[in-house]
């Protein structure tokens, strides 16, 4: 008898769960920095004899990463208003199921054309064991994108660029693209109101300004000067959830081919925006919460995103948020 993916995942060794816990991490708090921001000068691409040695925290890119799971026909007969690129780790089956059943339901908002895709790399330890599990999951839901880079925290930039590559190649007519972590609460109805009428050269989310890289090796967010020499980042949107207009998503992916990669993916997108001469747009105050807020339907109805809502949190609050007859002032 063929077990469903959820059961097969439970049969993995306990070490898989421990490895997953090591990979799964929270976003960093605001980092201190100066007041001026500048993008680093491009360095020679790999293969150039004059290129400096690559730092271990600098993932090789551009690089011909292969799609192990792909859906190139998703936009062949449609131009979605919003492409949701949801970041998960290969073993995060529970998180993906929770997203599908809550804010990631493509029909959650009537009249809003949404395309949901999950972004995965290769599990560093249990890739071979997870391959058939992920293949079954993808056959059932048709929403996994996977490339053959290692799925680690320092490779989050590669994961985001995989999503932007997919949009550039297979869904260039999308109106907006949103990158979101799986541990957020999204209110797509409120978000859609923020995004109308459609705009170009548009990027929004929780905006960080004047922050800089952490130079202490004790932090997992450590960025050495060999990877990013400047003391501050250009303005950027926090990684748990940000939105790019469809045209800008394509331009950011193009800029990423010419800039030296850093291991902080949200800051790197800001570097790309700076190189393109595009400013980030501040959302309404509090619309993107980088910290967990206690659930309240009226409060959440006026927010686009709340961070730190795991699978059980989402499944618990979503039915009330969707159906409870609460009258809000």
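Numbering (mature numbering (1 follows the signal peptide of the UniProt record, and there is no 0)), first residue to last: -25 to -1, 1 to 304.
For every residue, glycine included, the Cβ atom is placed at its ideal position computed from N, Cα and C.
Around the beta carbon of residue 210, 16 or more other beta carbons lie within 10 angstroms, which makes this residue buried.
In the structure shown, the three-state DSSP call for residue 94 is strand. The DSSP-derived three-state label of residue 58 is strand. Positions of the beta strand (DSSP E) runs, each at least 3 residues long and wholly inside the segment 127 to 188, are given as 151 to 156, 159 to 161 and 178 to 183 in order along the chain. For the options 48, 234 and 160, the alpha carbon positioned closest to that of residue 279 is the one of 160. By the C-beta density criterion, residue 49 is buried, having at least 16 other C-beta atoms within 10 angstroms. Nearest to residue 293 by C-alpha distance, out of 216, 76, 237 and 247, is 76. For the pair of segments examined, the segment 101 to 113 was found not to touch the segment 141 to 158: the number of CB pairs separated by less than 8 Å stays below three.
Put simply, the backbone Cα of residue 133 is about 8 Å away from that of residue 240. Three or more beta-carbon pairs separated by less than 8 Å link the segment 76 to 93 to the segment 109 to 126, which places the two stretches in contact. Under the three-state reduction of DSSP, residue 282 is assigned to strand. Residue 138 is a Cβ neighbour of residue 60, given a cutoff of 7 Å. Three or more beta-carbon pairs drawn from the segment 211 to 222 and the segment 152 to 159 are found closer than 8 Å, and the two stretches are therefore classed as touching.
With a threshold of 16 other beta carbon atoms within 10 Å, residue 114 falls short and is exposed. DSSP places residue 248 within a helical segment (H, G or I) once states are collapsed to three. Comparing alpha carbon positions, the residue from 95, 226 and 215 closest to residue 142 is 226.
Excluding five sequence positions before and after residue 264, the CB atoms of its chain that fall closer than 7 Å to its own CB belong to 278, 280, 281 and 282, given in chain order.
Separation of the CB atoms of residue 203 and residue 188 is rounded to 5 Å, and the pair is thereby assigned contact status at 8 Å.
In this structure, residue 178 and residue 136 do not form a Cβ contact; the two beta carbons are roughly 16 Å apart against a cut-off of 8 Å.
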